[in-house]
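Undergrad: Handing you a structure now.
Numbering (the numbering used here), first residue to last: 629 to 808.
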């Protein structure tokens, strides 16, 4: 089936504007730290930070792992790049009551998130639990259960229209709430 007409919505980690910028800046700072005459302390602190950080971001983008997927079985919440297998979760349609698009303040900017709301009694997801819920109550603008079943839209491109098309196809009547 043609990718653009398939009702399945899948987004993979890759090079978005933010990732490309971070990788380019990390490469520039790393190169600058290798110039002759650069203080040893700057090199010792900067090379792991900029070199390692840039390499990790590039690795994540090049991995092309699934960040978010909506299909006939439900929703795949791709894991954190550093612990992908341990933090990837599948939420079946019978546990989903809706979708929420929300933002988390991050200094003067904000980070967009996409998440699912789940029925009461749905099985726990990675990172779900009383301690996490207690902390999340103070940190995020959505209920803790929604935060746990959300993914930051960083390192991948989000397409709201394709999400809505997939949801309408696989779970007609399931709401997609945009709180941006």
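Ideal placement from N, C-alpha and C gives every residue a C-beta, glycine not left out.
Please read all numbers here as calculations on a predicted model, not as lab measurements.
Tell me, which residues are paired with residue 697 by DSSP?
TA: Looking up residue 697 in the chain shown gives position 69. Its beta-bridge partners are 638, 704.
Undergrad: Does any CB atom of chain C fall closer than 8 Å to the CB of residue 730?
TA: Absence of chain C from the displayed structure is noted, only one protein chain being present.
Undergrad: By how many angstroms is the C-alpha of residue 701 removed from the C-alpha of residue 718?
TA: On the chain shown, residue 718 is found 90 positions in, with the first residue counted as 1. On the chain shown, residue 701 is found 73 positions in, with the first residue counted as 1. If I take the Cα positions, the gap works out to 9 Å.
Undergrad: Could you tell me the alpha carbon to alpha carbon distance between residue 630 and residue 758, rounded to whole angstroms?
TA: What you label residue 630 is simply residue 2 of the chain shown in a count that begins at 1. What you label residue 758 is simply residue 130 of the chain shown in a count that begins at 1. Low local confidence applies: a pLDDT of 45 at residue 630 is under 50, so the model's placement there is unreliable, and no value is given.
Undergrad: Using DSSP with H/G/I as helix, E/B as strand and the rest coil, what is residue 740?
TA: On the chain shown, residue 740 is found 112 positions in, with the first residue counted as 1. Looking at residue 740 - three-state DSSP - the assignment turns out to be strand.
Undergrad: Any contact between the stretch 669 to 682 and the stretch 646 to 657? By contact I mean 3 or more CB pairs, one from each, below 8 Å.
TA: Touching, yes.
Undergrad: By the DSSP assignment, the beta strand (DSSP E) with residue 725 in it spans what residues?
TA: The residue labelled residue 725 in the question sits at position 97 within the chain shown. From DSSP, the beta strand (DSSP E) with residue 725 extends over 724 to 734.
Undergrad: What is the C-beta distance between residue 675 and residue 661, in whole angstroms, given that I count them as a contact (C-beta under 8 Å)?
TA: Counting from one through the chain shown, the residue named residue 675 turns up at place 47. Counting from one through the chain shown, the residue named residue 661 turns up at place 33. The Cβ separation is near 6 Å, so the contact holds.
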